[in-house]
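Chemist:
Protein chains: 2
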Amino acid sequence: MPPRELPQQTGARRIDRPVPLRERVYQAMQELIISRQLAPGQHLVESELAEMLGVSRQPIREALQLLNTAGWVDLQPGYGAFVHAPAPEEVDQLLAVRAVLESESARLASTLVGTEGVDRLRKLCTEGEAALDADNTEGMVSANAELHRTVTELSGNQVLMDFVAQIDSRVQWYFTPIAHVRGQESWREHAELVDAIERGDTEEAGRIMREHTERTRKAYQKQVEDGAEGTEHAEPQPQVRSRRRRTARSQ
Amino acid sequence: MPPRELPQQTGARRIDRPVPLRERVYQAMQELIISRQLAPGQHLVESELAEMLGVSRQPIREALQLLNTAGWVDLQPGYGAFVHAPAPEEVDQLLAVRAVLESESARLASTLVGTEGVDRLRKLCTEGEAALDADNTEGMVSANAELHRTVTELSGNQVLMDFVAQIDSRVQWYFTPIAHVRGQESWREHAELVDAIERGDTEEAGRIMREHTERTRKAYQKQVEDGAEGTEHAEPQPQVRSRRRRTARSQ
DNA sequence: CTTTCGTAATCTGCATACAGTATACAGACT
DNA sequence: AGTCTGTATACTGTATGCAGATTACGAAAG
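Protein chains in written order, with the working numbering: chain A, 43 to 293; chain B, 43 to 293.
1) When DSSP builds the beta bridges, which residues end up paired with ASP116(B)?
2) Tell me which residues share the same chain as PRO60(A) and place their Cβ nearer than 7 Å to its Cβ, disregarding the 5 neighbours each side in the sequence.
3) At which residues does the alpha helix (DSSP H) containing SER152(A) begin and terminate?
4) Just mark GLN69(B) as buried or exposed, buried being the case when its beta carbon has 16 or more other beta carbons within 10 Å.
5) Taking DSSP as the reference, what is the three-state secondary structure of LEU86(B)?
6) Please report the distance separating the alpha-carbon of SER211(A) from that of VAL139(B).
7) Below 9 Å between beta carbons: does that hold for ILE75(B) and ALA148(B)?
8) Got a sec, what are the start and stop residues for the alpha helix (DSSP H) ASP268(B) sits in?
9) Please say whether PRO101(A) and LEU63(A) have beta carbons closer to each other than 9 Å?
10) Which residue comes first and which comes last in the alpha helix (DSSP H) that contains VAL193(A)?
11) Can you name the residues of chain A whose CB is closer than 8 Å to the CB of VAL139(B)?
12) Leaving out five residues before and five after ASN110(B) in sequence, what residues of the same chain have Cβ atoms less than 8 Å from its Cβ?
13) At the 9 Å Cβ level, is THR192(B) part of the contact set with chain A, yes or no?
14) So, with DSSP's three-state summary, where would you put ASN110(A)?
15) Any idea what DSSP makes of GLY159(B), helix, strand or coil?
16) I'd like the list of long-range same chain contacts for GLU169(A), defined as Cβ closer than 6 Å, with 5 residues on each side in sequence excluded.
17) Report the option in GLU104(A), LEU80(A), LEU150(A) and SER98(A) whose CA atom is closest to the CA atom of GLU240(A).
18) Could you check whether the Cβ of GLY120(A) sits closer than 9 Å to any Cβ belonging to chain B?
19) Mind listing the chain B neighbours of PRO62(A)? Cutoff is C-beta to C-beta under 7 Å, in chain order.
20) Taking only the alpha-carbon atoms, compute the straight-line gap between LEU137(A) and GLU227(B) and give it to the nearest angstrom.
21) If you follow the alpha helix (DSSP H) that VAL67(A) is in, where does it begin and where does it stop?
22) Given this structure, state the Cα-to-Cα distance separating VAL67(B) from MET94(B), to the nearest angstrom.
23) If you count every other CB in all the chains shown that lies within 10 Å of the CB of SER197(A), and 16 or more means buried, which is it?
24) Please classify GLU131(A) as buried or exposed, where buried requires at least 16 neighbouring CB atoms within 10 angstroms.
25) Just to make sure I have the definition right: I need the residues of chain B whose C-beta is within less than 7 Å of the C-beta of GLN107(A). Which are they?
26) With a cut-off of 8 Å on the beta carbons, I'd call GLU104(B) and ARG103(A) a contact; round off their distance for me.
27) Any heavy atom of the ligand PLP within a distance shorter than 8 Å of the CB on ALA172(B)?
28) Which residues in chain B sit within 8 Å of GLU132(A), going by Cβ to Cβ distance?
29) Under three-state DSSP, which class holds LEU174(A)?
30) How many whole angstroms separate the CB atoms of GLY242(B) and THR153(B), which I take to be in contact at a CB cut-off of 8 Å?
31) For the alpha helix (DSSP H) containing GLN226(A), name the first residue and the last one.
32) 9 Å is my cut-off, CB to CB: does ALA112(B) come that close to chain A?
33) When you compare the CB of GLU246(B) with every CB in chain A, is at least one pair closer than 9 Å?
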């Protein structure tokens with residue numbers, strides 16, 4: 043009898059290993075930042091966060107490292123961690139890079155996508171349009187994100203996926219308070235994009251995606267110019283940040 | 043008397059604040075990995091590293107986090123850290139992304155470069171060609187890296203700079219053992235690139251950079267196909283890595 | 001001789017402790 | 001009153017300790 047192999051590749055792979063605390067702290071803090079409970083520029087005191095989340099400083103520190111490299115917080119050696127306050131031009135720069143990377147994703151996807159992939163894209167288009175008709179912002183945003191993610195996935199380039207994912211999460215943060223909705227126009231462009239990908243029309247797919255993301259970028263710029271109020275990102279934080287909090291700890 | 047200012051902006055800025063240990067550990071380990079003293083796939087035991095570098099486990103752990111997000115090591119929760127073993131296709135993917143980002147850098151640089159910037163580029167071209175004539179590989183590689191870095195810098199997009207820097211350090215690692223030298227051809231292309239940038243010919247600058255990096259990529263692919271021996275990257279590491287070392291610790 | 005199970009050693013994850021440094025407040029001096 | 005200086009306090013950086021999990025080794029059974 044050959045050494046009996048474990049039923050290999052059986053559906054559920056690997057036992058669910060307890061997610062490291064640092065990951066959960068990372069998630070929690072990311073959400074706190076996105077929801078503005080931790081304001082841009084705010085000083086993050088490790089011991090406070092530890093107490094707030096009910097863990098020790100160690101996982102907090104590790105999470106801060108990750109948040110730092112992901113661009114969510116700025117780590118100033120010896121001074122502590124501060125919630126990243128995105129400069130307006132930084133958002134624009136992020137969108138510019140995203141435009142390039144997503145365009146390339148579309149190009150690559152068009153060269154090797156199969157019917158299965160196209161089906162998934164079409165399904166997401168349908169979902170998005172349905173959400174549009176139903177005036178369901180939540181669903182529209184998620185369908186949009188999922189569509190873009192899928193295109194990147196279909197590019198077959200793992201590195202590209204990683205980078206785009208990084209950018210997207212930050213872009214989403216900056217966008218959130220602006221409620222970015224280009225709606226109808228956007229979904230028409232998505233449909234065209236999927237068509238081009240299905241035809242294997244590389245140049246066209248790349249062009250459409252590029253213009254699509256560039257239009258999003260323009261829309262952002264416009265919103266910033268128009269109603270700069272309400273956004274209030276990076277409210278002119280004092281250049282030299284005080285490490286210590288102004289008010290003594292209440293309680 | 044106005045409050046007497048300290049002689050401001052005087053040559054030596056700021057006292058050198060002690061660089062955090064984690065940064066130095068990061069640097070040290072990066073070099074150990076690049077120099078192959080830490081082999082791809084190797085299990086990195088925190089306590090061993092701590093002893094080797096003469097610090098405690100804490101800064102080691104923090105450095106490992108950073109190395110992980112930068113793609114130098116793989117962190118498997120509960121199992122430990124392993125030196126990243128780049129798959130051949132991963133190198134190709136990195137080069138593909140680099141091609142896109144550097145092409146965009148060149149496009150942007152062409153739209154806003156001044157004479158000062160062009161001068162710097164020309165100087166680097168001269169240096170590179172001199173190194174080429176002198177058969178000085180070291181100098182050629184560094185001039186090449188510096189030129190590409192400068193183009194990215196001239197793009198005026200900080201985000202772009204960060205991403206390209208990330209990619210470049212990894213690409214350099216993968217390339218090192220292959221001694222990438224496209225030499226003459228490469229520097230001719232550089233010169234053309236700088237010309238296009240100076241003319242402000244955006245399309246041409248982007249095209250040249252794209253073809254330039256794509257050629258580098260092709261050269262890499264070819265080297266891999268031809269003499270796959272000698273490179274030996276990622277010598278077929280067992281898929282399931284053993285955490286524990288085979289041999290007991292000597293002594 | 002091969003396979004299986006138990007035990008011990010090792011390593012990671014997390015918590016806590018300690019030291020050095022920066023900030024803030026208060027008193028002294030001009 | 002304004003400015004400077006000394007001291008207390010808070011926070012970061014680093015080290016150490018402990019518990020749970022995982023692996024390697026060896027003895028026992030087939």
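Just so it is clear, CB atoms sit at the ideal spot from N, CA and C, and this is done for glycine as well.
Modeler: Straight from the coordinates:
1) Working through the second sequence from its first residue, we reach residue 116(B) at position 74. In DSSP, ASP116(B) forms a bridge with PHE124(B).
2) Indexing the first sequence from 1 puts residue 60(A) at position 18. In its chain, beyond the 5 residues on either side, no residue has a beta carbon closer than 7 Å to the beta carbon of PRO60(A).
3) What you label residue 152(A) is simply residue 110 of the first sequence in a count that begins at 1. From DSSP, the alpha helix (DSSP H) with SER152(A) extends over 130–154.
4) Your numbering for residue 69(B) matches position 27 in the second sequence. It is exposed - the Cβ of GLN69(B) has fewer than 16 other Cβ atoms within 10 Å.
5) Here residue 86(B) corresponds to residue number 44 of the second sequence, with the count starting at 1. Residue state, collapsed to three classes: strand.
6) In the first sequence, counting from the first residue as 1, residue 211(A) sits at position 169. In the second sequence, counting from the first residue as 1, residue 139(B) sits at position 97. Looking at the two C-alpha atoms, the distance is approximately 19 Å.
7) If you number the second sequence from 1, residue 75(B) lands on position 33. If you number the second sequence from 1, residue 148(B) lands on position 106. Cβ distance not < 9 Å, so ILE75(B) and ALA148(B) don't count as in contact.
8) Counting from one through the second sequence, the residue named residue 268(B) turns up at place 226. Here the alpha helix (DSSP H) through ASP268(B) covers 244–268.
9) For this step, residue 63(A) is matched to residue 21 along the first sequence. For this step, residue 101(A) is matched to residue 59 along the first sequence. Remark: C-beta atoms of LEU63(A) and PRO101(A) approach each other more closely than 9 Å.
10) Position 151 of the first sequence, counting from 1, holds the residue named residue 193(A). DSSP places VAL193(A) in the uninterrupted alpha helix (DSSP H) bounded by 179–196.
11) Position 97 of the second sequence, counted from the start, is the residue given in the question as residue 139(B). Ordered by position in chain A, the residues that pass the 8 Å Cβ test against VAL139(B) are LEU143, GLU146, ASN199, VAL201, LEU202 and PHE205.
12) Counted from its first residue, the second sequence places residue 110(B) at position 68. Around ASN110(B): ASP116, LEU117 and ALA123.
13) Residue 192(B) sits at position 150 when you count from the first residue of the second sequence. Among the CB atoms of chain A, none fall inside 9 Å of the CB of THR192(B).
14) Here residue 110(A) refers to the residue found at position 68 of the first sequence. Here ASN110(A) sits in helix by DSSP.
15) On the second sequence, residue 159(B) is found 117 positions in, with the first residue counted as 1. Helix.
16) If you number the first sequence from 1, residue 169(A) lands on position 127. Closer than 6 Å at the Cβ level, and outside the excluded window around GLU169(A), lie ALA185.
17) As a first step, residue 240(A) is located in the first sequence; it is residue number 198 there, counting from the start. Considering only alpha carbons, the answer is LEU150(A).
18) Within the first sequence, numbered from 1, the residue matching residue 120(A) stands at position 78. Yes - at least one Cβ of chain B is within 9 Å of the one on GLY120(A).
19) Position 20 of the first sequence, counted from the first residue, corresponds to residue 62(A). Within 7 Å Cβ-Cβ: PRO119.
20) Position 95 of the first sequence, counting from 1, holds the residue named residue 137(A). Position 185 of the second sequence, counting from 1, holds the residue named residue 227(B). Those two C-alpha atoms are separated by around 34 Å.
21) Walking along the first sequence from the start, residue 67(A) turns up at place 25. Residue range 63–76 is occupied by the alpha helix (DSSP H) that includes VAL67(A).
22) By 1-based counting over the second sequence, the position of residue 67(B) is 25. By 1-based counting over the second sequence, the position of residue 94(B) is 52. Straight-line Cα distance between these residues: approximately 11 Å.
23) On the first sequence, position 155 is the one that residue 197(A) refers to. Under a 10 Å Cβ-count criterion, SER197(A) is classified as buried, with 16 or more other Cβ atoms of the shown protein chains found around its own Cβ.
24) In the first sequence, the residue the question calls residue 131(A) occupies position 89. Answer is exposed; the Cβ neighbour count stays below 16.
25) Working through the first sequence from its first residue, we reach residue 107(A) at position 65. At a C-beta separation below 7 Å, GLN107(A) has these neighbours in chain B: GLU104, GLN107 and LEU108.
26) Taking the first residue of the second sequence as 1, we reach residue 104(B) at position 62. Taking the first residue of the first sequence as 1, we reach residue 103(A) at position 61. That belief holds up - the Cβ atoms of GLU104(B) and ARG103(A) are roughly 7 Å apart, short of 8 Å.
27) As far as ligands go, the structure on display features none, and thus does not contain the ligand PLP.
28) Reading the first sequence from its first residue, position 90 is the one you call residue 132(A). Those within 8 Å of GLU132(A) in chain B are GLN200 and VAL201.
29) By one-based count along the first sequence, residue 174(A) stands at place 132. LEU174(A): helix per DSSP, three-state reduction.
30) In the second sequence, counting from the first residue as 1, residue 242(B) sits at position 200. In the second sequence, counting from the first residue as 1, residue 153(B) sits at position 111. In this structure GLY242(B) touches THR153(B) by the C-beta definition: roughly 7 Å separates them, less than 8 Å.
31) Reading the first sequence from its first residue, position 184 is the one you call residue 226(A). First-last of the alpha helix (DSSP H) with GLN226(A): 225–241.
32) What you label residue 112(B) is simply residue 70 of the second sequence in a count that begins at 1. It does; some Cβ of chain A falls within 9 Å.
33) For the purposes of this step, residue 246(B) is taken as the residue at position 204 of the second sequence. So, not an interface residue.
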